[in-house]
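Going by my numbering, the letters in the sequence shown line up with residues 26 to 509, in that order.
Backbone N, C-alpha and C define an ideal beta-carbon position, used for all residues, glycine too.
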Amino acid sequence: MGKIRAVSFAKQMAYVVMITAFATGVSILIGKLGINKENALMVFLVGVLAVTVLTSGYIYSITAAFFSVLLFNFFFTPPLRTLRMNNSSDAILLFFFLSVALIAGSLTSRFQKQAEAARKSERMTKLLFEVNEGFLNVTGEKNAIELALSYAHKYTGCHCSVFIEGKDQVFTSLQDKEPEQLSHLADFQELPIISSGKSLGVMRIYGDASQLTTDGRHIAKSITSQLALILDREFIYRERENIKVAMEREHIKSNLLRAISHDLRTPLTAIVGASGLLAEGSAGFDSESVRKLAADINEEALWLTQLVENILNMTRIDEGKLTINKSMEVVDDVVNEALSHIPGTAFRDRLTVYLPDNLISLPMDGTLIAQVLTNLLDNAVKHTSDKTDIILRVYAQNDNAVFEVQDNGPGIDRSIKDSLFDGFVKASLGKSADSTRGIGLGLAICKAIIDAHGGTISAEAPADGGALFRFSLPMKEGDEENGK
């Protein structure tokens, strides 16, 4: 830095010497042409003004003015070629020349400084506008920090890093390098990131005081202010989303409690009634009536078991604790297990099962896949009339085993078609939510189980009416992780 200043000083002093020498030569030429010395003095004044314009300091114009006085005295005031003056008017003339030169140099230098300040102000305004405009459309905490780092590095020329309160990650302007590579830099300056009186973090700019100019520091402060506004906005947005999620959870809990209380009460009432009749007067019933009451109790108990299993699985899914224990299972065995868990026997008369001619085995959790089939078949039974046909079809396609449950009933309600696999979804079809059995968790559980197996599940409305639910499972063990 000292070397640069020395070079600049030498360059500007060279301007002083050359311009003063040129003015002296022109003045001597004018004198030989017979023009009076007062006009020659004007040439020296122009030289002083030229020095003021071409140099960047008041000291150079002063130096040029004193050199001009000495040279004028030496060449133009008698006795010539000396620094003495015999005529007092020449002394007064030189005094006024020096005064005018100093005033003119001072005014010119001041105008230069004002023009330079105006140019700096305009440049700074443009830079700040560019920074503020760049932050207008940025969203996301990471994107805002990366933009702030890029701007800070661009306009200060120094590497930077950002530390956010409560986060271990350090963001840095170094591309594809570790933040620790900046740790060896002892000289740095820190700018706090503050919004609404709360400290959100700090931006660290690496470099000594000479590297970070005043303008660079102003820009860096503007960048940290914009970053603080965006981080505060993101914090408010996250808080609002958390409140929304908490309210949604409370709503779900209310729906769950309401649905469970209704769905548990219905089968329990039937069980209590049937078992009470058996306990009070079994001797008065014939064997067929006793068998019918026992079958009703068994059906309601199976439905209760399925309901409780769905609730437990949905709880595990929400907590991320659903465990998939895969083993090679035969499709026929899984289908038979699912059919054994469907309450009631009336639906079997309208159920048609198509299984592949060759045995198909694939890696899966047989119990959970059986529950998926049970939920799909149970939905088909609950949402169709007693005269509706239900088809369960299994076949191999490419490297997947495909399971389909289809009916020719009223089809899928359009109002819930896009949210079938969300929790607590129940078709209205002109009925109240309490008029159908089930709490709307079945399809959500099915999707979670199939996703955990690396498969896909979908719902369609066939051209000939009804509803078609299809899911596929890979027949070979893929890269998905067991126990999702």
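Cα-Cα separation, residue i to residue j
i, j, result
"A299", "D358", "33 angstroms"
"V76", "A89", "7 angstroms"
"I474", "A486", "23 angstroms"
"I385", "V333", "30 angstroms"
"T413", "S314", "28 angstroms"
"I60", "A143", "42 angstroms"
"N350", "A477", "11 angstroms"
"R495", "H178", "55 angstroms"
"E147", "G50", "41 angstroms"
"Y40", "L118", "26 angstroms"
"Q37", "M43", "10 angstroms"
"R258", "A245", "20 angstroms"
"A48", "L127", "17 angstroms"
"A405", "H366", "14 angstroms"
"I52", "K62", "For the sequence presented, residue 52 should be read as Ser rather than Ile. Going from the Cα of S52 to the Cα of K62 covers about 8 angstroms."
"G467", "E502", "26 angstroms"
"M389", "L417", "19 angstroms"
"N423", "K317", "46 angstroms"
"N323", "D403", "16 angstroms"
"I255", "E166", "7 angstroms"
"G191", "L152", "31 angstroms"
"G391", "L327", "19 angstroms"
"A421", "P381", "8 angstroms"
"L237", "S175", "16 angstroms"
"N383", "A319", "38 angstroms"
"S198", "N168", "13 angstroms"
Extent of the continuous alpha helix (DSSP H) to which residue i belongs
i, result
"E166", "166-181"
"V163", "Neither: V163 is in no alpha helix (DSSP H) and is coded neither H nor E."
"S352", "Here S352 belongs to no alpha helix (DSSP H); instead the beta strand (DSSP E) covers 352-355."
"L468", "467-477"
Backbone secondary structure at residue i - three-state DSSP
i, result
"S453", "Interpretation of S453 is limited by its pLDDT of 42, a score under 50 that renders its predicted location unreliable; no figure is taken from the coordinates."
"N404", "helix"
"E325", "helix"
"S81", "coil"
"D432", "strand"
"S33", "helix"
"G222", "coil"
"I441", "helix"
"I128", "helix"
"I415", "strand"
"F69", "helix"
"I117", "helix"
"S460", "With a pLDDT of only 41 at S460, under 50, the local geometry of the prediction cannot be trusted, and the value read off the model is given with reservation. Reduced to three states, the DSSP call for S460 is helix."
"M38", "helix"
"H276", "helix"
"F154", "helix"
"D201", "Any reading at D201 needs caution, since the residue's pLDDT is 48, under 50, leaving its predicted position unreliable; the model's value is listed next. Correct three-state label for D201: coil."
"S312", "helix"
"G59", "coil"
"D240", "helix"
"D257", "helix"
"L123", "helix"
"L54", "helix"
"I336", "helix"
"G106", "Before going on, a small fix: residue 106 reads as Arg here, not Gly. If DSSP states are grouped into helix, strand and coil, R106 belongs with coil."
"G508", "Confidence at G508 is low in this model, with a pLDDT of 38, below 50, so its placement is unreliable and no value can be given for it."
"F446", "coil"
"A299", "helix"
"E502", "coil"
"I367", "coil"
"T399", "helix"
"I349", "coil"
Residues sharing a beta bridge with residue i, DSSP
i, result
"F196", "V187"
"A17", "What is shown of the chain runs 26 to 509, which leaves residue 17 out entirely."
"Y231", "F213"
"S386", "V355"
"S483", "R495"
"I394", "Looking at the DSSP assignment, I394 forms no beta bridge with any residue, so it has no partner."
Residue i: first and last residue of the uninterrupted beta strand (DSSP E) it sits in
i, result
"A492", "492-499"
"L376", "376-379"
The ligand MN heavy atom lying under 7 angstroms from the CB of residue i
i, result
"T197", "The model depicted lacks the ligand MN and carries no ligand whatsoever."
query: Is the stretch 263-271 close to the stretch 231-250, with three or more CB pairs under 8 angstroms?
result: No: fewer than three Cβ pairs fall under 8 angstroms.
message: Under 8 angstroms, with one C-beta from each stretch per pair, do the stretch 215-222 and the stretch 139-154 reach the 3-pair mark?
response: The stretch 215-222, when compared against the stretch 139-154, does not touch it at the 8 angstroms Cβ threshold.
- prompt: Does the stretch 350-357 come within contact of the stretch 396-407, defined as at least 3 CB pairs closer than 8 angstroms?
  reply: Three or more beta-carbon pairs separated by less than 8 angstroms are not found between the stretch 350-357 and the stretch 396-407, which leaves the two stretches without contact.
query: Is the stretch 155-169 close to the stretch 97-107, with three or more CB pairs under 8 angstroms?
result: No: fewer than three Cβ pairs fall under 8 angstroms.
- prompt: Are three or more beta carbon pairs between the stretch 116-125 and the stretch 161-168 nearer than 8 angstroms?
  reply: Flag = no, the stretch 116-125 and the stretch 161-168 do not touch.
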